[in-house]
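Following: one structure in structure tokens, then a few remarks.
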Ligand SMILES: Cc1cc2nc3c(=O)[nH]c(=O)nc-3n(C[C@H](O)[C@H](O)[C@H](O)COP(=O)(O)OP(=O)(O)OC[C@H]3O[C@@H](n4cnc5c(N)ncnc54)[C@H](O)[C@@H]3O)c2cc1C
Ligand code: FES
Ligand code: FES
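Chains as they are written, first to last, in my numbering: chain V, 9 to 740; chain B, 4 to 471.
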């Protein structure tokens, strides 16, 4: 071994809090490599960059929901100001966001309020803005579709059958029909979307805040008819994303690139908060109807689920969101017989897009609250009923895949009881029902399949990673991690480096991770679907082992002669998946959580206060306990916001809440400390036992919150966000 | 476009002199003109705190502060603060606690932490949460951020480091044309079409948003500052009355020993620490928003607005002053100098008050509705009773008719006539549906709160929940 004493280089700093432990050395927390520059303000986000001769780009959104565009009136433009339209895309006026249907700029028809009509580029930002405000359009209004219920058209219609639901419904002693609704949710990353494009000597370079550099690159190549070697995409320090920078950066990059090509100057576009909220995709609203069959013995025998999500005006990636929702449509519960139909409804709304959890939060809210409803109706305490149906190893998923790995719900329940005292609180509040202030406690369970669906990682993503060892000093070398997965706040630059360091027995400082640049890194896939550690981390781990062997068996790398290894993903043989029928193992591994939320509801105002939040997670081995904890707490806050604070209403297709004044994400005073714990359950296919983590915390808390409010108010919550207005109307 | 003017101030220890527009945001001066990019723009609306800086040692949101207010000020940004030992300890605490994820919010949190610890070196949990409540973070869920501040407290104590407590000083400096020292000069500016700006938290936020979306409706950027006018900077008690100058910040009003607790509570519910450090009571009044949180209390206190203008000075009662949503009696050539009211006496036991704001979330929230009340109960008879409701009609509701019915009632009478009182209020409550709430919720909730208040004031329900 060339690097004795490496283990000492782990900087252990924070003492563990009570009840917290880690089993594996790699879980030990280290100081993040990006903390210092971010704290001092030295980190450069896109809006901090300026290029010489740079122009600004301002987008003109349509102020009508659905209309034919008859005419656009453009005032005489001053010198150096240019209008960019859909005609400026040599390849296609469509972004590639899985489907290729969302235009950069509207053509003959406007399909949603705020759809970009064109953009103005020029040297002064305020003049561009003023020119935009003087541009007017003449429309012929068309009827608009504003709700899932009204929508007739859909982009996708999927069916899955597990077992024999028809038979089970025939034999049912009781059946129940319920409808569950979830609202639109804004990602609300703190750094608004931003991009700079530059076209020099036939080469297009785009820099920006993004999750998926290769998505942006591919979309640019298609839209602008440029070869792969003529497009370079560089991710800049990204101030939060949460899915919101998976899809839309392809649009913004296209708009800026078209302007750069047309003007020959670098073009910068930074959305202000209002425009960001108006122009960018949000979490799909859902309407999920569940019919449940219960037999003579009170057993739940079947569910018939109709899941509709509001895809908005263009399909983009909605099919994949819907797949995630229907694959997990019974939540963490094993229901023997299931029929699920899923549809992506076409409405005149901004296209819905990616948001952490990606269909999971909607499906779980419905599934868990339906169990809550059943418990209530059958007169069984919710935990008792839920426990009975929790998935176990060997059970079959909705897609008839097999849960191959151990599922440790018993241990998780034990832990959460210990932390939250759920059961005794539940009994106490039940006894004191109606006494003031109203109090309640709720519990929910969640599952999240990591990575792309089925064999998508192998067939579609074809993830490739590279490591490159170069000499730094005479007898030392550094290793560069070359992946297209980005650091966007979630800690990937630290955790991926830790995996390589551990595998190569090197001090962490010698592993280098830079902002992703497509001219340097291979396509290891997008930074989505909780796949970065589980899939890319594992590839890096394996590549690191190869690299170590190469180095150990030959001369050390030098500056001139770096030693490289690459690794491409191969889907394990044991999994089977039929994409055409959605049958088999939808995901190679699952992560699990249990959540408890405790609330107090003001009997006069119906304002709800979260007074406790606890969660226990099985994410395999946390690669860095503190980073993973940060993910869990942040996701929990987003899910609680989703449950009651974050209201995004459409009025005639217009978002009514377009500022942080009106769209109220949580502040420091909204919740107490968010408690979380982990259990040890290493995942056999992940690096050091790690599996999906990033999205899991967004999935369960909303239902736990709704269950708590249900207990506090004595009414079953079936829709989120649970606003005081809704509670008041219900309980008046 | 407004005419250029020159503003001189200190930033991170150096003096700058910038030619700019009076309405230009301090944020833009810092980022674009001075070139410090660690001060970030997350919302441009005073909501996220990413643009936080210290102005004379106090936390403010630089996206709300206009250039015209900067003359002679001392600004500390993250860039300057990062060179101090205190920063190193706080930043280390943030790194150790895991409080940094995407980092966009982090400089704001660090400035807020510095501001908090400089006047409160041993904050409680609640102090920390309140002190940081103007900084939004979407990544962390805040738990680790709170932890970071606690670690910072320990580190600072261990290093025996104390912040220089910079108390804002009213600066004596040369008046420039846009910072007049006399009322006469101010009125001259008003006559030339200039408008006064105080904290900018209404005016600058609104103007900037309009410049982005509908520049033609943004009005002029011809602003001037009243900070140099002595009369507007004073706050004093005299003959049982409190006088609050129009340039005094909400923070200073809240901290003033003579401030009635009812007003303190209402003002403390406005925005976040950074907003309250800049915003003024005069601004809240002149903005005349239906949801302005100071107004219900000022109605109860029968506050008078003291103005000065081309045709002399006036003392206008708050009820007359506010004529509709966003409308006041103020003439184009008139300036608010101060707000004045009789301090309610607070003999122990008999007096009671309630201010209840129903906001959109726990902090930094606008009112869906609010209710304020003040009463005196002597031997189970209400000898004084005043109640005002905010955000439930174009202007604040205060019913002298209902109050006259209620005053003089005994507990039993109150109980008997409660439906009648509620009916009087019910007729006056005419709320609307908007992006924050619904008319039905506002009305029903206001009536429930009024009922609760009457019962509390009249000792009808001593035992029911009074915990607000
Ligand atoms: C994030 C945020 C949160 C907020 N939260 C709340 C809240 O919870 N409750 C609430 O009520 N408000 C809230 N506000 C609104 C605002 O902060 C308050 O209304 C504040 O009191 C305004 O004071 P200002 O000094 O900043 O006013 P400015 O913006 O400076 O001025 C407001 C208006 O008053 C006029 N004016 C100022 N001084 C004078 C004078 N001396 N004579 C004549 N006219 C004058 C100005 O010309 C302008 O029209 C919030 C604002 C923000 C940005
Ligand atoms: S930019 Fe958000 S508060 Fe100033
Ligand atoms: S760390 Fe990303 S917003 Fe706070």
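C-beta atoms are modelled at their ideal positions from N, C-alpha and C, and glycine is treated no differently. Only a predicted model underlies this, so the values are computations on that prediction, with no experimental measurement involved.
> What residue from 505(V), 620(V), 609(V) has the CA that sits closest to residue 35(V)'s CA?
Replying inline: Counted from its first residue, the first chain places residue 35(V) at position 27. Closest by alpha carbon: 505(V).
>> Let me confirm a value: residue 67(V) is counted as buried when at least 16 other C-beta atoms fall within 10 Å, else exposed. Which label applies?
In response: Against the first chain, residue 67(V) aligns to sequence position 59. Counting Cβ neighbours within 10 Å, residue 67(V) comes out buried, since at least 16 surround it.
> Can residue 675(V) be considered in contact with ligand 1, in the sense that its beta carbon sits closer than 7 Å to one or more heavy atoms?
Replying inline: Residue mapping note: residue 675(V) aligns to position 667 of the first chain, counting from 1. No, Cβ of residue 675(V) sits at least 7 Å from all heavy atoms of ligand 1.
> What three-state label does DSSP hand residue 146(V) in the structure shown?
Replying inline: Against the first chain, residue 146(V) aligns to sequence position 138. Looking at residue 146(V) - three-state DSSP - the assignment turns out to be strand.
> Got a sec, what are the start and stop residues for the alpha helix (DSSP H) residue 459(V) sits in?
Replying inline: Stepping through the first chain from its first residue, residue 459(V) is reached at position 451. Run containing residue 459(V): none; DSSP gives neither H nor E here.
> Mind checking whether the beta-carbon of residue 192(V) lies closer than 7 Å to any heavy atom of ligand 3?
Replying inline: As a working note, residue 192(V) is residue 184 in the first chain. Answer for residue 192(V): no, Cβ out of range of ligand 3.
> Exposed or buried, which one is residue 81(V) when buried takes at least 16 other CB atoms within 10 Å?
Replying inline: Here the question's residue 81(V) lines up with position 73 in the first chain. Exposed is the call here.
> Quick one: what does DSSP say residue 184(B) is sitting in, helix, strand or coil?
Replying inline: Numbered from 1 along the second chain, position 181 holds the residue referred to as residue 184(B). Coil at residue 184(B), not helix or strand.
>> List, from N- to C-terminal side, the beta strand (DSSP E) runs of 3 residues or more that fit wholly inside the region 86-137 of chain V.
In response: 90-92, 103-105, 107-110, 124-130
> Are the region 302-322 of chain V and the region 229-247 of chain V in contact at 8 Å, needing three or more beta carbon pairs?
Replying inline: no
> What's the C-alpha gap between residue 283(V) and residue 543(V)?
Replying inline: As a first step, residue 283(V) must be located in the first chain, where it is residue number 275. As a first step, residue 543(V) must be located in the first chain, where it is residue number 535. Residue 283(V) and residue 543(V): Cα-Cα distance of roughly 35 Å.
>> According to DSSP, simplified to helix, strand and coil, what is residue 24(B)?
In response: One-based indexing of the second chain puts residue 24(B) at position 21. Residue 24(B) falls in the coil class under three-state DSSP.
> Mind checking whether residue 72(B) and residue 200(B) have CB atoms under 8 Å apart?
Replying inline: Your numbering for residue 72(B) matches position 69 in the second chain. Your numbering for residue 200(B) matches position 197 in the second chain. Their beta carbons are under 8 Å apart, which means residue 72(B) touches residue 200(B) by this criterion.
> Taking residue 334(V) as the reference, which of 350(V), 340(V), 228(V) has the closest Cα?
Replying inline: Locating residue 334(V) in the first chain gives position 326, where the first residue counts as 1. If we check each option's Cα against that of residue 334(V), 350(V) comes out closest.
>> Just to make sure I have the definition right: I need the residues of chain B whose C-beta is within less than 8 Å of the C-beta of residue 637(V). Which are they?
In response: Residue 637(V) sits at position 629 when you count from the first residue of the first chain. Per Cβ cutoff of 8 Å: 101, 147.
>> Just to confirm the assignment, what range does the alpha helix (DSSP H) spanning residue 309(B) have?
In response: Translated into positions along the second chain, residue 309(B) becomes position 306. Run containing residue 309(B): none in the alpha helix (DSSP H); it sits in the beta strand (DSSP E), 307-312.
> Looking at the unbroken alpha helix (DSSP H) that takes in residue 692(V), where does it start and where does it end?
Replying inline: Within the first chain, the letter at position 684 stands for residue 692(V). Careful: residue 692(V) lies outside any alpha helix (DSSP H) and carries neither H nor E.
>> So if DSSP puts residue 658(V) in a beta bridge, which residue, or which two residues, is it bridged to?
In response: One-based indexing of the first chain puts residue 658(V) at position 650. According to DSSP, residue 658(V) bridges with 663(V).
>> What I want to know is whether the C-beta of residue 244(B) ends up closer than 7 Å to one or more non-hydrogen atoms of ligand 3.
In response: Walking along the second chain from the start, residue 244(B) turns up at place 241. Incorrect: residue 244(B) has no Cβ contact closer than 7 Å to ligand 3.
> Going by DSSP, what residues sit across from residue 2(V) in a beta bridge?
Replying inline: The shown model of chain V, from 9 to 740, leaves out residue 2(V), and the question about it has no answer.
>> Any contact between the region 377-387 of chain B and the region 682-698 of chain V? By contact I mean 3 or more CB pairs, one from each, below 8 Å.
In response: no
> CB-CB under 6 Å to residue 149(B), same chain, minus the five flanking residues each way: which ones, in chain order?
Replying inline: As a position in the second chain, residue 149(B) is number 146, starting the count at 1. Closer than 6 Å at the Cβ level, and outside the excluded window around residue 149(B), lie 131.
>> Tell me which residues of the region 54-67 of chain B have at least one Cβ-Cβ distance to chain V shorter than 9 Å, keeping chain order.
In response: none
>> Between the alpha carbons of residue 42(V) and residue 88(B), how many angstroms are there, rounded?
In response: Working through the first chain from its first residue, we reach residue 42(V) at position 34. Working through the second chain from its first residue, we reach residue 88(B) at position 85. Looking at the two C-alpha atoms, the distance is approximately 20 Å.
> Given a limit of 9 Å on CB to CB distance, which residues of the region 226-257 of chain V reach chain B?
Replying inline: 245, 246, 247, 248, 249, 250
>> Strictly below 7 Å CB to CB, what residues from chain B border residue 664(V)?
In response: Here residue 664(V) refers to the residue found at position 656 when the first chain is read from its first residue. Within 7 Å Cβ-Cβ: 438.
>> Any beta carbon from chain V within less than 8 Å of residue 81(B)'s own beta carbon?
In response: Taking the first residue of the second chain as position 1, residue 81(B) is located at position 78. Yes, residue 81(B) lies at the interface with chain V (some Cβ there is under 8 Å from its Cβ).
> If you measure from the beta carbon of residue 394(B) to each beta carbon in chain V, is any gap under 8 Å?
Replying inline: By one-based count along the second chain, residue 394(B) stands at place 391. Closer than 8 Å: no.
>> For a cutoff of 8 Å on Cβ pairs, would you count residue 709(V) as touching chain B?
In response: One-based indexing of the first chain puts residue 709(V) at position 701. For residue 709(V), the answer is no, since every Cβ of chain B falls outside 8 Å of its Cβ.
> Contact between the region 379-390 of chain V and the region 570-577 of chain V: three or more CB pairs below 8 Å?
Replying inline: no
> For residue 265(B), which residues from the same chain have a beta carbon less than 7 Å from its beta carbon, with the 5 sequence-adjacent residues on both sides left out?
Replying inline: The residue labelled residue 265(B) in the question sits at position 262 within the second chain. 300, 356, 358, 375, 377.
>> My output table needs one value for residue 542(V): the three-state DSSP class, helix, strand or coil.
In response: Position 534 of the first chain, counting from 1, holds the residue named residue 542(V). Three-state result, residue 542(V): helix.
> When you compare each of 190(V), 450(V), 702(V), 401(V) to residue 294(V) by their alpha carbons, which one comes out closest?
Replying inline: For the purposes of this step, residue 294(V) is taken as residue 286 along the first chain, with counting starting at 1. Considering only alpha carbons, the answer is 190(V).
> From residue 431(B) to residue 396(B), what distance separates their C-alpha atoms?
Replying inline: As a first step, residue 431(B) is located in the second chain; it is residue number 428 there, counting from the start. As a first step, residue 396(B) is located in the second chain; it is residue number 393 there, counting from the start. Cα-Cα distance, rounded: 8 Å.
>> What does the alpha-carbon distance come out to for the pair residue 550(V) and residue 519(V)?
In response: Position 542 of the first chain, counting from 1, holds the residue named residue 550(V). Position 511 of the first chain, counting from 1, holds the residue named residue 519(V). Each residue's Cα considered, the two are about 15 Å apart.
> Taking the alpha-carbon positions, what's the residue 245(V) to residue 462(B) distance?
Replying inline: Taking the first chain and counting its residues from 1, one reaches residue 245(V) at position 237. Taking the second chain and counting its residues from 1, one reaches residue 462(B) at position 459. One C-alpha to the other measures close to 60 Å.
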